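As structure tokens, the structure follows; a few thoughts come after it.
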């Protein structure tokens, strides 16, 4: 019995004097959770120019919620344990069970897509147009397009007003229109004027004053493979109501035909007769293909 | 010996008397030729001097025709210097002839003197359908071209494919509804066959002619006052011409066939004087 008691004493002495531990550092470990403190909702309307649909400039409206979220992160509690006095040792990392460290408050913003702004009336440039079920608004009365008939006009800030949703603003530039329509004048292409034909078709043979005529202008590339035509066209006429409407045909590859339609409201006081106009083309290489047309107005 | 000397003298005298008529005749013939051309030359010079003293244009033109006719007769026998001098005098006289108030050309189209601010010129009456079908038949203009070039319903022209020829049921009616291209082609054709200078009126003429009922094309391109519109027309290839429409100038596309538009031409004072001289010569 003498020896076991001695062994216990030696063990106690050794632990008290030679191998005592100390905690030198506390720090966060793995992120365990986040405690939500608050969320702030900020519903907004997202408005983007989407190029053309059915030959009209198209704008997409979506409901978005810009949510501001405040959270506190919760981490594991880790300690670093060393043998007392052994400061040069790396020590041992230990998880402290049932204890946690709370981090600083985190503020972040989250955009939540709440779907299209469907079937809503928006008023812009004196007209009211309704979005479809996909939230697409078509400039079907060509009010926006008409702003850019003046070739000097480079950008417009548009306001779309809805009684419930307020006013949405969008700055539209000529460059954006060209880009969406595939007209990149800053990059060179292999382009020639041969084998480019321009045509135009009216939706009726004759019109009455007050009617709206739809004119579809087409351009066909009958050239060889690899030849690309880059075409803008414009109506040219003595009559103001027929003059100056742009047809954004863009890049036309070999064998391809492109179509762009515009509407021509015929003034109520237009006299009977034949009204002449030209579709004047402007191709990247400088070619100006022409197509002659007549509007027949009968009462 | 005395008889013989007398006989010899008498013989010589008889021979001399016999030869005198022959010598005189020869001398007379030569002097007549000389008197004829010098008199004619003198006459032409005097006619040209007198010409400008006449106040009635018709008298001026009659004298000019006499002078020109005499010049043609003597032109080959007078000296080069005299020909040159006479030509200059004739040319000066032609320039100074009073322009007639109106002239009629080979198509029986009347041209009336217009005294504008800048220049005098002659403006024609409207070209009739009869005159126009002369051009269509001579140049064999296709019916398709006419369909595009003249407003349908504004004329009485018909095309018989069996012959093929154009005809009109209303020959004296002014041709109406013609576009610029066709009007311009007609004036070129008329100039080539009539050996006269015809053209469509110029813009300044259009603005000077005070006729609120007249409608016709001008040969001058329209300069659009709206700068941005003009720039876009240039960029997209639109070219417009001055159209004189019921007394007002407007810019119109050359392919436009306005049913009111007639075809009128202008000619120069010089061409008009030549036309007048031609008709007067034929009448004399």
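Protein chains in written order, with my numbering: chain P, 170 to 468; chain F, 3 to 286.
In this text, a Cβ means the ideal position worked out from N, Cα and C, and glycines have one as well.
The structure presented is a predicted model; accordingly, all values stated were derived computationally and were not measured.
For this session: Would you mind sorting residue 451/P into buried or exposed? The rule is 16 or more other CB atoms within 10 Å of its CB.
Result: In the first chain, the residue the question calls residue 451/P occupies position 282. Burial call: buried.
Exercise. If you follow the beta strand (DSSP E) that residue 415/P is part of, which residue opens it and which one closes it?
Worked result: In the first chain, the residue the question calls residue 415/P occupies position 246. Per DSSP, residue 415/P belongs to the beta strand (DSSP E) from 415 to 421.
Problem set entry | Under 8 Å (Cβ pairs) to chain F, residues found in the stretch 403 to 426 of chain P | 403, 405, 406, 407, 412, 413
Exercise. What residue from 286/P, 438/P, 461/P has the CA that sits closest to residue 234/P's CA?
Worked result: Against the first chain, residue 234/P aligns to sequence position 65. Among 286/P, 438/P, 461/P, the Cα nearest to that of residue 234/P belongs to 286/P.
Problem set entry | Within chain P, the residues that residue 252/F reaches when beta carbons sit closer than 9 Å | Taking the first residue of the second chain as 1, we reach residue 252/F at position 250. Correct list: 407.
For this session: Check distances from the C-beta atoms of the stretch 255 to 269 of chain F to those of chain P and list, in chain order, the residues that come in under 9 Å.
Result: 255, 257, 258, 259, 260, 261
Exercise. Could you check where the alpha helix (DSSP H) with residue 345/P kicks off and where it finishes?
Worked result: Along the first chain, read from residue 1 onward, the residue named residue 345/P stands at position 176. Element bounds for residue 345/P: 343 to 349.
Exercise. Below 9 Å between beta carbons: does that hold for residue 221/F and residue 186/F?
Worked result: Walking along the second chain from the start, residue 221/F turns up at place 219. Walking along the second chain from the start, residue 186/F turns up at place 184. Using a Cβ distance threshold of 9 Å, residue 221/F and residue 186/F count as a contacting pair.
Problem set entry | Enclosing alpha helix (DSSP H) for residue 238/F [first to last residue] | Working through the second chain from its first residue, we reach residue 238/F at position 236. Residue 238/F -> alpha helix (DSSP H) spans 229 to 238.
For this session: Using a Cβ-Cβ cut-off of 9 Å, state whether residue 459/P counts as contacting chain A.
Result: The structure shown has no chain A; the protein chains it does contain are P and F.
For this session: Thinking residue 137/F and residue 188/F are a contact (beta carbons under 8 Å), I'd like their distance in whole angstroms, please.
Result: The residue you call residue 137/F lines up with position 135 of the second chain. The residue you call residue 188/F lines up with position 186 of the second chain. So it is a contact: roughly 5 Å between Cβ atoms.
Exercise. Where does the unbroken beta strand (DSSP E) through residue 404/P begin, and where does it stop?
Worked result: Taking the first chain and counting its residues from 1, one reaches residue 404/P at position 235. 398 to 405 is the extent of the beta strand (DSSP E) around residue 404/P.
For this session: Identify each residue in the stretch 425 to 447 of chain P for which the Cβ-Cβ distance to at least one residue of chain F is less than 9 Å, and report them in chain order.
Result: 442, 443, 444, 445, 446, 447
Exercise. What is the DSSP secondary structure of residue 334/P, counted as helix, strand or coil?
Worked result: As a first step, residue 334/P is located in the first chain; it is residue number 165 there, counting from the start. The answer is coil: DSSP assigns residue 334/P none of H, G, I, E or B.
Problem set entry | Identified DSSP bridge partners for residue 114/F | For the purposes of this step, residue 114/F is taken as residue 112 along the second chain, with counting starting at 1. According to DSSP, residue 114/F bridges with 104/F, 125/F.
Exercise. Which of the residues in the stretch 311 to 341 of chain P, read from start to end, lie with their CB under 7 Å from any CB of chain F?
Worked result: 319, 320, 321
Problem set entry | Residues bridged to residue 234/P [DSSP beta-bridge criterion] | For this step, residue 234/P is matched to residue 65 along the first chain. Looking at the DSSP assignment, residue 234/P forms a beta bridge with 212/P, 281/P.
Exercise. Should residue 249/F be flagged as near chain P, meaning a C-beta pair shorter than 9 Å?
Worked result: Position 247 of the second chain, counting from 1, holds the residue named residue 249/F. Judged by the 9 Å Cβ criterion, residue 249/F is not in contact with chain P.
Problem set entry | Touching by the beta-carbon criterion (3+ pairs, under 8 Å), the stretch 267 to 274 of chain F and the stretch 434 to 442 of chain P | no
Problem set entry | Best match in 339/P, 454/P, 256/P, 202/P for proximity to residue 399/P [C-alpha to C-alpha] | Numbered from 1 along the first chain, position 230 holds the residue referred to as residue 399/P. Comparing Cα positions, the closest option is 454/P.
Exercise. What number of angstroms, rounded off, separates the C-alpha of residue 27/F from the C-alpha of residue 125/F?
Worked result: Along the second chain, read from residue 1 onward, the residue named residue 27/F stands at position 25. Along the second chain, read from residue 1 onward, the residue named residue 125/F stands at position 123. Low per-residue confidence applies at residue 27/F: pLDDT is 43, beneath 50, and the placement is therefore not dependable enough to give any value.
For this session: Round the Cβ separation of residue 69/F and residue 43/F to the nearest angstrom and send it over; I've been treating them as touching at under 8 Å.
Result: As a position in the second chain, residue 69/F is number 67, starting the count at 1. As a position in the second chain, residue 43/F is number 41, starting the count at 1. Separation of the CB atoms of residue 69/F and residue 43/F is rounded to 11 Å, and the pair is thereby denied contact status at 8 Å.
Problem set entry | Boundaries (first-last residue) of the alpha helix (DSSP H) holding residue 2/F | Examination of residue 2/F is not possible in this model, given that chain F is present from 3 through 286 alone.
Problem set entry | Positions along the stretch 213 to 241 of chain F whose CB lies within less than 8 Å of some CB in chain P | 230, 231, 233, 234, 235, 237, 238, 239, 240
For this session: Could you check the C-alpha separation between residue 127/F and residue 144/F for me, to the nearest Å?
Result: The sequence position of residue 127/F within the second chain is 125, counting from 1. The sequence position of residue 144/F within the second chain is 142, counting from 1. If I take the Cα positions, the gap works out to 26 Å.
Exercise. Any chance the stretch 268 to 288 of chain P sits against the stretch 309 to 320 of chain P, with 3 or more Cβ pairs inside 8 Å?
Worked result: no
Exercise. On the three-pair Cβ rule with 8 Å, is the stretch 239 to 256 of chain F touching the stretch 75 to 85 of chain F?
Worked result: These segments do not touch.
Problem set entry | Beta-carbon neighbours of residue 451/P, restricted to chain F and to distances below 9 Å | Here residue 451/P refers to the residue found at position 282 when the first chain is read from its first residue. Near residue 451/P (Cβ distances below 9 Å), the residues of chain F are 237, 238, 239.
Problem set entry | Within-9 Å CB hit, residue 307/P to chain F | Within the first chain, the letter at position 138 stands for residue 307/P. With 9 Å as the cut-off, residue 307/P does not count as an interface residue toward chain F.
Exercise. Comparing alpha-carbon positions, which option in 393/P, 384/P, 397/P lies nearest residue 463/P?
Worked result: Taking the first residue of the first chain as 1, we reach residue 463/P at position 294. Out of 393/P, 384/P, 397/P, 384/P has the C-alpha closest to the C-alpha of residue 463/P.
For this session: For residue 153/F, decide whether its Cβ has a neighbour in chain P, counting only Cβ atoms nearer than 9 Å.
Result: For the purposes of this step, residue 153/F is taken as residue 151 along the second chain, with counting starting at 1. In terms of beta-carbon proximity, residue 153/F lines the interface with chain P, with at least one pair separated by less than 9 Å.
For this session: Determine the DSSP secondary structure at residue 202/P, reduced to helix, strand or coil.
Result: As a working note, residue 202/P is residue 33 in the first chain. DSSP places residue 202/P in strand when its eight states are reduced to three.
Problem set entry | Which of helix, strand or coil DSSP assigns to residue 147/F | Numbered from 1 along the second chain, position 145 holds the residue referred to as residue 147/F. Note: residue 147/F maps to helix in three-state DSSP.
For this session: Sort 249/P, 308/P, 244/P by Cα distance to residue 203/P and report the nearest one.
Result: Counting from 1 along the first chain, the entry for residue 203/P is found at position 34. Answer by Cα proximity: 244/P.
Exercise. With a Cβ-Cβ cutoff of 9 Å, do residue 247/F and residue 262/F count as a contact?
Worked result: To locate residue 247/F, count along the second chain from 1; it is residue 245. To locate residue 262/F, count along the second chain from 1; it is residue 260. Yes, Cβ-Cβ distance for residue 247/F and residue 262/F is below 9 Å.
Problem set entry | CB contact flag (residue 325/P, residue 341/P, <9 Å) | What you label residue 325/P is simply residue 156 of the first chain in a count that begins at 1. What you label residue 341/P is simply residue 172 of the first chain in a count that begins at 1. Cβ distance < 9 Å, so residue 325/P and residue 341/P count as in contact.
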